[in-house]
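Trainee: My questions all concern the structure below.
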Amino acid sequence: MTLKQPDQEAIAHGRISEKPLRDKPSIPSWVLKLTMAVTGLLFTLFVIGHMAGNLKLYAPATEDGAALDVYGRFLRSAGEPLLPENALLWIVRIVLLAALVAHILAAIMLYQRSGQSRGKFKRTNLMGGMDSFATRSMLVTGIVLLCFIVFHLLDLTMGVQPVASDAFVEGAVRNNMIATFSRWPVTIFYVIAMLCLFLHLTHGIKLAASDLGITGKKWRQTFIVLAYVIPLIVVIGNIVMPLSIATGLVS
Numbered sequence: 000m001t002l003k004q005p006d007q008e009a010i011a012h013g014r015i016s017e018k019p020l021r022d023k024p025s026i027p028s029w030v031l032k033l034t035m036a037v038t039g040l041l042f043t044l045f046v047i048g049h050m051a052g053n054l055k056l057y058a059p060a061t062e063d064g065a066a067l068d069v070y071g072r073f074l075r076s077a078g079e080p081l082l083p084e085n086a087l088l089w090i091v092r093i094v095l096l097a098a099l100v101a102h103i104l105a106a107i108m109l110y111q112r113s114g115q116s117r118g119k120f121k122r123t124n125l126m127g128g129m130d131s132f133a134t135r136s137m138l139v140t141g142i143v144l145l146c147f148i149v150f151h152l153l154d155l156t157m158g159v160q161p162v163a164s165d166a167f168v169e170g171a172v173r174n175n176m177i178a179t180f181s182r183w184p185v186t187i188f189y190v191i192a193m194l195c196l197f198l199h200l201t202h203g204i205k206l207a208a209s210d211l212g213i214t215g216k217k218w219r220q221t222f223i224v225l226a227y228v229i230p231l232i233v234v235i236g237n238i239v240m241p242l243s244i245a246t247g248l249v250s
């Protein structure tokens, strides 16, 4: 069949032309996907541990003070006497920061390559339902989470004004948490960020299974279950805390 007005871009996307759609990248896409998978799983482990530690908000106080404050002192003194105070904590922070930068750069590069490969021909709703929505929202939820991380560090870690509460005191973890979540706008933003975290983690864990080469039926089913169970536990745990403070159940 002869076309009177052939679409040259459509021809380039088919097998009629052997011309590549884009130059061979310096970093293979599989390396970028593996980077995102490994760093994503690292963040998953971190948010689980972070949530578990913060749940000490509900633990009874001891003779050493509030359980959450004791936990905060433990983190700052971990590694002593082999390492100076805060050294191990800063090592973890630097590793997480490096992983975050790598995760973001890999995501940007893969997003750009995807757009170049598709051209103007986009395929949507191939999966349907929640999976399709989570896929389309990965960029948006990622941006929201990045903004949340910056806000969270300025608020509860660094105590930078006007982000942090006026009552912020270095080392007073429990009181700082109560002070910041007593502000409803902060609590609402936190809840929205946690809902974004659920979508991002759910789809990310599923992608990590494929990018890590996990193809066995039982292992893939396990990852699918974990992709919903882990984010659900983390998000519920993280949402309960600010809401219980904002509503006055914890003071």
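Heads up: the sequence shown at position 128 corresponds to 127 in numbering that gives the first Met the number 0, and the numbers run straight through without jumps. Glycine included, each C-beta is placed from N, C-alpha and C at the ideal position. Nothing here was measured: the structure is a model prediction, and the numbers come from that model.
1. By Cβ distance below 7 Å, which residues in the same chain neighbour residue 169 in space, the five residues on each side in sequence not counted?
2. By a C-beta neighbour count over all protein chains shown, 10 Å radius and 16 as the cutoff for buried, is residue 127 buried or exposed?
3. Should residue 199 and residue 137 be called a contact, given that it needs their Cβ atoms to be closer than 9 Å?
4. Once DSSP output is grouped into helix, strand and coil, what is the label at residue 170?
5. For residue 251, count neighbouring Cβ atoms within 10 angstroms of its own Cβ and tell me buried if that reaches 16, exposed if not.
6. Output needed for residue 227: all residues of its chain with C-beta closer than 8 Å, excluding positions within five of it in sequence on either side, in chain order.
7. In chain order, which alpha helix (DSSP H) runs of at least 4 residues are fully inside the region 30-87?
8. Can you find the residues in the same chain that come closer than 7 Å, C-beta to C-beta, to residue 58, ignoring five residues on each side of it along the sequence?
9. Could you spell out the range, first to last residue, of the alpha helix (DSSP H) harbouring residue 148?
10. Using the three-state DSSP reduction, which class does residue 214 fall into: helix, strand or coil?
11. Rank 184, 240, 149 by C-alpha distance to the C-alpha of residue 50 and give the top, closest one.
12. On a Cα-Cα basis, can you pick out the residue from 26, 76, 162, 216 that is closest to residue 106?
13. Am I right that residue 243 and residue 249 are in contact with their C-beta atoms under 8 Å? What's the rounded C-beta distance?
14. If you drop the 5 nearest sequence neighbours on each side, which residues of the same chain put their C-beta closer than 6 Å to that of residue 98?
15. Does the region 170-183 touch the region 70-88, meaning 3 or more C-beta pairs lie closer than 8 Å?
16. Express the C-alpha separation of residue 63 and residue 80 in angstroms, rounding to a whole number.
17. In whole angstroms, give me the CA-to-CA distance for residue 229 and residue 135.
18. Measuring CA to CA, which of 153, 193, 61 is closest to residue 232?
19. Within its chain, find whatever has a CB closer than 8 Å to the CB of residue 177; leave out the 5 residues flanking it on each side and keep chain order.
20. Less than 6 Å between C-beta atoms, sequence neighbours within five positions excluded: which residues of the same chain meet that for residue 251?
Mentor: For this structure:
1. Only 158 meet the Cβ criterion.
2. The pLDDT assigned to residue 127 is 49, lower than 50, so where the model puts this residue is not dependable; a value taken from the coordinates is nonetheless given after this. With fewer than 16 other Cβ atoms inside 10 Å of its own Cβ, residue 127 counts as exposed.
3. Yes, the Cβ-Cβ distance between residue 199 and residue 137 is below 9 Å.
4. It is coil, neither helix nor strand.
5. Any answer about residue 251 is impossible in this case: the structure gives the chain only from 0 up to 250.
6. Closer than 8 Å at the Cβ level, and outside the excluded window around residue 227, lie 201.
7. Taking only runs of at least 4 residues, the alpha helix (DSSP H) segments lying wholly in the region 30-87 are 66-76.
8. Once the five neighbours on either side are set aside, the close Cβ partners of residue 58 are 66.
9. Here the alpha helix (DSSP H) through residue 148 covers 137-151.
10. It is coil, neither helix nor strand.
11. Closest option to residue 50, judged by alpha-carbon separation, among 184, 240, 149: 240.
12. Among 26, 76, 162, 216, the Cα nearest to that of residue 106 is on 26.
13. Contact between residue 243 and residue 249 holds, with the beta-carbon distance rounding to 5 Å and staying under 8 Å.
14. The residues are 38, 41.
15. Under the Cβ criterion (8 Å, minimum of three pairs), the region 70-88 counts as touching the region 170-183.
16. Straight through space, the alpha carbons of residue 63 and residue 80 are spaced by roughly 20 Å.
17. When rounded, the distance between both Cα atoms is 21 Å.
18. That would be 193, whose Cα lies nearest to the Cα of residue 232.
19. Excluding its 5 nearest sequence neighbours in each direction, residue 177 has C-beta neighbours in its own chain below 8 Å: 244, 249, 250, listed in chain order.
20. This structure cannot settle anything about residue 251, because the visible part of the chain is limited to 0 through 250.
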